[in-house]
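Participant: This is the structure I want to talk about, given as structure tokens.
Protein chains in written order, with this note's numbering: chain A, 1 to 510; chain B, 1001 to 1400.
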């Protein structure tokens, strides 16, 4: 009984949290996440309340999280790749149209009014205006203002000031300030304009600047009678004048075509791509070699204090990369870094770590080696444990030396378990934006290059420069780039997996 | 039945908290931790007088712009933000800011450069409170009188420079590469970033970084490195730590470096950047101010708050005390003008140029930095490096 109650209370809390999140999403217009959330919420209730759906209790949390954290971002990314979403085009069309509809201009010689506001018990407002031009008095009636005689008996005076109109009491300055958010929206028709709030000391005549024709989907400038039609998410006139802001809209394959046609992409592409490839390959190779060597050493049971060494060697993996990369940046500083100080004292050489393309690449590989070897060491240590010791005994009896034992037993057996992880590591380093961005930022630049690509830029860091270093942030463009990079890595990984399949088949024959 | 009841109770409790999030009639301001106490105080005074609640939400300075871009369109976000003028371009073209109409009548009370910086497409989008520019910061114990000309500067620098002891006379991080700090070199002989259209707005396709003047300025920077006065690639951290240790005579940077140096016991002075062959080098001017979200439900209230409570001498002086940079509000500036540090920076601000706020500026930073790095450390000719940079910028922002 208590267990049942507990279950229902927990479910109630979860449902409430879910609904609370759903309301937020509803307001923000996050329809995709909302759909997943509602699906998950219904599933949760079914799973917990129905006896038949018992196994779902264990599956469902995983599925929902998979949907939210993996599937949804992918769909979102693909969706954005076909949009113009970015600086200048971040609002929805409705929001942009409503911004234009809320633009007013002051016609020449726009009449100004002093005002007093009166309020009845229901909270309705009445405004008394005195024109600064003609000294005429006007009173708001419904949606317009009408001329009023200040001696009208409905105006109640006290000490020469109007304190009441019918049952409307005069509002004090403080009351006006407190209700400004309502007062700012008042607008009364007057001649062919609107009398609107301008500041706490005056109202003024304004005219709306734009009108939107929903039937033709056009925006008309009422001042100039110019007609603007939406082109790629921006209202554009026939002579090419564009109205800012634009709105986010689907633009088909425009982003992809822009990437492929852009000479700044195609120009340095081969060079950037080959460095990316070499970088990923060398990163995996160096970290794996060092990691494996250390793992074999640490796996030797005759080594004393090996648990201490192991703990110390894992440290680079534990320190956040953001911190250690920036520290490395300081250590490698050409004129003031410790590393060059040491090199200068010992060999009297000064290495231009970040100024020379070759040394910048070496610096990157050294830092990535430092960051990456503990991971390789950890997985190698695990894999080493799983190799049966009988194999070594048999080999020793057959007279195999230590090198031969490594070459013929350890390495092939390790590769069976580690190859997929190495491919994963390759794909990770292929996109290792953090190290490049924080250590060299793609620098040094290439002499004579007319693109922003630097000597150490990899695909992801270069395209980041293109998407976010042009005119603001081009999210749609960036999403399209990420899809293209995904296709490249996907192809390479597919080839790699074929290769490992062969390795596995080899392993089975062993 | 009981099950349903429990679930319903939970719903209503949580629903209640959601509906409270209505905003009309309340002011919400986003600011960073430095200015939060000042604005909060001001908010309390305002609430006391008018009964209008003012909430101040703290956010790191760098996050405010991007978060406004997400929160505003979602119907959330603040009425007012405190930020830098160079955010204007991206915020305005995306439709996130509301122009401040009342500033047209008040602009006479503010330093002109500050108002210009917050003007975009003919409209004023911000109420400025602080201005900043880099200047010649010097250690009075090493350099008793600051140099008036670059020749004097080089003479002093030569005397004080002993690289083997890590002692330097004059350091600029411009060659790091740091385009922001290199700007006075480029403007010394008339280089510029963007030219102007006849209506006074910036023309993103007229880029003056490869003009004769800009190239001459680049050679000036290069000559400092070649003469062994300025070590190439020195960065801000190294520079300030050496300066704070009393090992550098003069550095070229902004007010953000003064606090640390004073704390380290350095006798700090600030002077105008020395003239070059009789020409005045012009630094970038950055301006901080209040901006209004286009998605505010309290535009009139926010405008009233800005006009009658922020644009006052007391508030402006309180903001100055929280972060001592030259005030943009004239009465406040006069009040603190006797402070020698403020006075020194104000002289540089007076000749400075507002950092361009059009979105195309982000394309300029990368290419410009590349060019500086190429001619300072990779031995490429400045004219070639700069003309390549300009071609690259024009391609990136699609000028034909």
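Just so you know, even glycine gets a beta-carbon here, dropped at the ideal spot from N, CA and C.
Measuring only between beta-carbons, confirm whether residue 1388 of chain B sits less than 8 angstroms from chain A.
Facilitator: yes
Participant: Let me check one thing: in DSSP terms, what residues is residue 145 of chain A bridge-paired to?
Facilitator: A/140
Participant: The beta strand (DSSP E) that contains residue 1030 of chain B, what's its start and end?
Facilitator: 1027–1031
Participant: Counting only the same chain and skipping the five closest in sequence on each side, list residues whose C-beta sits under 8 angstroms from that of residue 1369 of chain B.
Facilitator: 1177, 1178, 1179
Participant: What are the residues of the segment 1049–1071 of chain B that lie near chain A, defined by any Cβ-Cβ distance shorter than 9 angstroms?
Facilitator: 1049, 1050, 1051, 1052, 1066, 1069, 1070
Participant: Could you tell me whether the Cβ atoms of residue 1349 of chain B and residue 1119 of chain B are closer together than 8 angstroms?
Facilitator: no
Participant: At a Cβ threshold of 8 angstroms, is residue 494 of chain A touching chain B?
Facilitator: no
Participant: Identify whether residue 1278 of chain B lies in helix, strand or coil by the three-state DSSP scheme.
Facilitator: Three-state DSSP puts residue 1278 of chain B in coil, outside helix and strand.
Participant: Just to confirm, does residue 241 of chain A get its C-beta within under 7 angstroms of one of the non-hydrogen atoms of the ligand COA?
Facilitator: Of ligands this structure carries none, so the ligand COA is not represented either.
Participant: Please report the straight-line C-alpha distance between residue 337 of chain A and residue 1364 of chain B, rounded to a whole angstrom.
Facilitator: 29 angstroms
Participant: Could you tell me if residue 1227 of chain B is buried or exposed, where buried requires 16 or more neighbouring beta carbons within 10 angstroms of its beta carbon?
Facilitator: exposed
Participant: Is the beta carbon of residue 1039 of chain B closer than 8 angstroms to that of residue 950 of chain B?
Facilitator: Only positions 1001 to 1400 of chain B appear in the structure, and residue 950 of chain B is not among them; the question remains open.
Participant: Just how far apart, CA to CA, sit residue 345 of chain A and residue 1166 of chain B?
Facilitator: Distance between residue 345 of chain A and residue 1166 of chain B, taken at the CA atoms: about 15 angstroms.
Participant: Can you tell me whether residue 44 of chain A is buried or exposed? The criterion is at least 16 other CB atoms within 10 Å of its CB, across all chains shown.
Facilitator: buried
Participant: Interface residues of chain B around residue 445 of chain A at Cβ under 7 angstroms?
Facilitator: 1370, 1373, 1374
Participant: Any beta-carbon of chain A closer than 8 angstroms to the one on residue 1202 of chain B?
Facilitator: no
Participant: So is residue 1021 of chain B buried or exposed if we call it buried at 16+ other beta carbons inside 10 Å?
Facilitator: For residue 1021 of chain B, the pLDDT reaches just 34, beneath the cut-off of 50, and the residue's location in the model is therefore unreliable, although a value from the coordinates is still provided. Exposed.
Participant: On a CA-only basis, which of A/108, A/65, A/193, A/264 is nearest residue 1393 of chain B? Give me that one, please.
Facilitator: A/264
Participant: For residue 1049 of chain B, count neighbouring C-beta atoms within 10 Å of its own C-beta (all shown protein chains included) and say buried if the count is 16 or more, exposed if not.
Facilitator: exposed
Participant: According to DSSP, is residue 1339 of chain B helix, strand or coil?
Facilitator: coil
Participant: Along the beta strand (DSSP E) that carries residue 1052 of chain B, what are the first and last residues, could you check?
Facilitator: It is not in any beta strand (DSSP E) - residue 1052 of chain B carries neither H nor E in the DSSP assignment.
Participant: Going by other Cβ atoms of all chains shown within 10 Å of its Cβ, with 16 needed for buried, is residue 1292 of chain B buried or exposed?
Facilitator: buried
Participant: Quick check: the Cα distance between residue 1406 of chain B and residue 1194 of chain B, rounded to an integer number of angstroms?
Facilitator: Any answer about residue 1406 of chain B is impossible in this case: the structure gives chain B only from 1001 up to 1400.
Participant: Which residues, taken in chain order from the segment 67–100 of chain A, show a beta carbon closer than 8 angstroms to some beta carbon of chain B?
Facilitator: 87, 88, 89, 90, 91, 92, 95, 96, 99
Participant: I want to verify the contact list: residues of chain A whose CB lies under 7 angstroms from the CB of residue 1093 of chain B, in sequence order.
Facilitator: Ordered by position in chain A, the residues that pass the 7 angstroms Cβ test against residue 1093 of chain B are 87, 88, 244, 245.
Participant: Over what stretch of residues does the beta strand (DSSP E) that includes residue 1129 of chain B continue unbroken?
Facilitator: 1126–1133
Participant: Give the single residue among A/372, A/39, A/187 whose Cα lies nearest to the Cα of residue 425 of chain A.
Facilitator: Among A/372, A/39, A/187, the Cα nearest to that of residue 425 of chain A belongs to A/372.
Participant: Which word fits residue 490 of chain A, buried or exposed, when buried means at least 16 other C-beta atoms lie within 10 angstroms of its C-beta?
Facilitator: exposed
Participant: Taking the continuous beta strand (DSSP E) assigned at residue 1362 of chain B, which residues delimit it?
Facilitator: Element bounds for residue 1362 of chain B: not the beta strand (DSSP E) but the alpha helix (DSSP H), 1361–1377.
Participant: What residues match up with residue 151 of chain A in a beta bridge as DSSP calls it?
Facilitator: None, per the DSSP bridge assignment.
Participant: For the candidate residues A/360, A/100, A/168, whose alpha-carbon lies nearest to that of residue 121 of chain A?
Facilitator: A/168
Participant: Count the other CB atoms within 10 Å of the CB of residue 474 of chain A; is the residue buried (16 or more) or exposed (fewer)?
Facilitator: buried
Participant: I'd like the list of long-range same chain contacts for residue 376 of chain A, defined as Cβ closer than 6 angstroms, with 5 residues on each side in sequence excluded.
Facilitator: 287, 288, 291
Participant: Tell me which residue opens and which closes the alpha helix (DSSP H) that residue 1218 of chain B is part of.
Facilitator: Membership of residue 1218 of chain B in the alpha helix (DSSP H) is indicated by the continuous run 1212–1226.
Participant: Consider the Cβ of residue 115 of chain A: report whether some Cβ of chain B lies at a distance smaller than 8 angstroms.
Facilitator: no
Participant: By Cβ distance below 7 angstroms, which residues in the same chain neighbour residue 81 of chain A in space, the five residues on each side in sequence not counted?
Facilitator: Once the five neighbours on either side are set aside, the close Cβ partners of residue 81 of chain A are 255, 476, 479, 480, 483.
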